[in-house]
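Written below as structure tokens is the structure these notes are about.
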Amino acid sequence: MSTPTAATMCTTIPWGGDTFCTTSATTSTYTTWVAERVFDFDREAWPEPYDRLPRSPQRQLRGVAAPAIVTERDDAENRRMEEGAQRRAREIEERHARAAEVRDRAHALLLEHLTPEQRRTFEQNQWFIVDGKSGVKYRVRGNSFSGNVDVLNKHQMTTHRLCGHCSHDIPLHDQLLAQKFMIEHAEDDFIRIANRHPA
Amino acid sequence: MRHEMQILDQSGHLTFFWNPSNQDEVDNAEEHFDSYKEKGYSAFRVQGQDQQGSRMDTFDPQAAKVMMVPQLRGG
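Protein chains in written order, with my numbering: chain A, 16 to 214; chain B, 13 to 87.
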């Protein structure tokens, strides 16, 4: 399919006794071809050059063709698009690096505020036990900040779960630290705020 | 000697320092403390080798370390 040099052109192509009209619009950077035709896809094969046109599922329906658009880009446009893709990839990488840094800071802060036993169980099993002022023990699981607090009975069995956490933009390990402080030093408030779920 | 206030937020945590013998720094720290309390944060004095805490309702410039925890909600 040749690239027209003029602004807007219409090319008429004979096909199967019918005529087929294509229109194209040329800008400084790319050329767009639009094909308009009613096709019977069950009986007609795409004629050259239209076999290169993209086919959407809707256009598999008998007798109806949706307009097909083919875009040809020149070198400058290709370069511009490649640079844009590279810039986006860099931004994504930087965002991931920042998120990893935040995660590491929060993790370090949590470990700093755990007792040696809590640190051991957290590193081994991703949970730690917190003692409330009432004497009740709570297991704070580190797999999530939602519904992650198990209320334990004297046999270390879970009687029910509590769900109380900060807003979702706070890093996970900061959430766990917040839950630990609240359970240890504001247990009544934590129980009042948290929603209760079955074990 | 520098005392510190750690505030849990989206960045992991922020840290503010103050010298209890410097009144300007104490006032600045108290201002941060009050502003976060108004937003619903809970304050805990952190002490001991295991960094355990106790709840604070008013700012104490002599507290060596303060942890500000965002408001929790039921989920």
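Where is the CB? At the ideal position from N, CA and C, for every residue including glycine.
Just so you know, these numbers come straight off a predicted model, no measurement behind them.
If you compare alpha carbons, which of Ser161/A, Glu199/A, Gly157/A and Ala112/A is closest to Arg211/A?
Check the Cα spacing between Arg211/A and each of Ser161/A, Glu199/A, Gly157/A and Ala112/A: the tightest is with Ser161/A.
With DSSP as the reference, please indicate the residues paired to Gln59/B in a beta bridge.
Looking at the DSSP assignment, Gln59/B forms a beta bridge with Gln64/B.
Around the C-beta of Ile107/A, are 16 or more other C-beta atoms found within 10 angstroms, so that it is buried, or is it exposed?
Exposed: under 16 other Cβ atoms inside 10 Å.
Helix, strand or coil, according to DSSP, for Gln171/A in the structure here?
Taken through DSSP and simplified to helix, strand or coil, Gln171/A comes out as coil.
How long is the line joining the alpha carbons of Tyr48/B and Gly179/A, rounded to whole angstroms?
As the crow flies, the alpha-carbon of Tyr48/B is around 19 Å from that of Gly179/A.
Work out the CA separation of Arg113/A and Arg94/A for me, nearest whole Å.
Distance between the alpha carbons of Arg94/A and Arg113/A: 29 Å.
To the nearest angstrom, report how far apart Pro186/A and His111/A are at their CA atoms.
As the crow flies, the alpha-carbon of Pro186/A is around 14 Å from that of His111/A.
Comparing C-alpha positions only, which one of Glu109/A, His170/A and Leu177/A sits nearest to Ile208/A?
Nearest of Glu109/A, His170/A and Leu177/A to Ile208/A, Cα basis: Leu177/A.
Chain-ordered chain B contacts of Glu199/A [CB-CB under 8 Å]:
Those within 8 Å of Glu199/A in chain B are Gln64 and Gly65.
Look up Asn140/A in the DSSP assignment and say whether it is helix, strand or coil.
In the structure shown, Asn140/A adopts helical secondary structure according to DSSP, grouped into three states.
Is the shortest distance between the beta-carbon of Ala112/A and the beta-carbons of chain B less than 7 Å?
Not one chain B Cβ lies under 7 Å of Ala112/A.
Where Ile19/B sits in the DSSP three-state scheme:
Secondary structure at Ile19/B: strand, using DSSP grouped into helix, strand and coil.
When the cut-off is 7 Å and only beta carbons count, does Arg14/B lie next to chain A?
Any Cβ of chain A closer than 7 Å to the Cβ of Arg14/B would place that residue at the interface, and such an atom is absent.
Would you kindly check if the distance between the Cβ of Met80/B and the Cβ of Ala41/B is under 7 Å?
Their beta carbons are not under 7 Å apart, which means Ala41/B does not touch Met80/B by this criterion.
Is the shortest distance between the beta-carbon of Ile206/A and the beta-carbons of chain B less than 7 Å?
No, Ile206/A does not count as interfacial toward chain B.
Beta carbon of Arg67/B, beta carbon of Ala121/A: below 7 Å?
The Cβ atoms of Arg67/B and Ala121/A lie no closer than 7 Å to each other.
DSSP state of Asn210/A mapped onto helix, strand, coil
Collapsing the DSSP output to three states places Asn210/A in a strand.
Between Gly147/A and Met197/A, what straight-line distance do the alpha-carbon atoms span, to the nearest angstrom?
Answer to the nearest angstrom: the Cα atoms are 9 Å apart.
Assumed close pair Phe143/A, Leu124/A - CB separation to whole angstroms, cut-off 8 Å:
Not confirmed; about 14 Å, so no contact.
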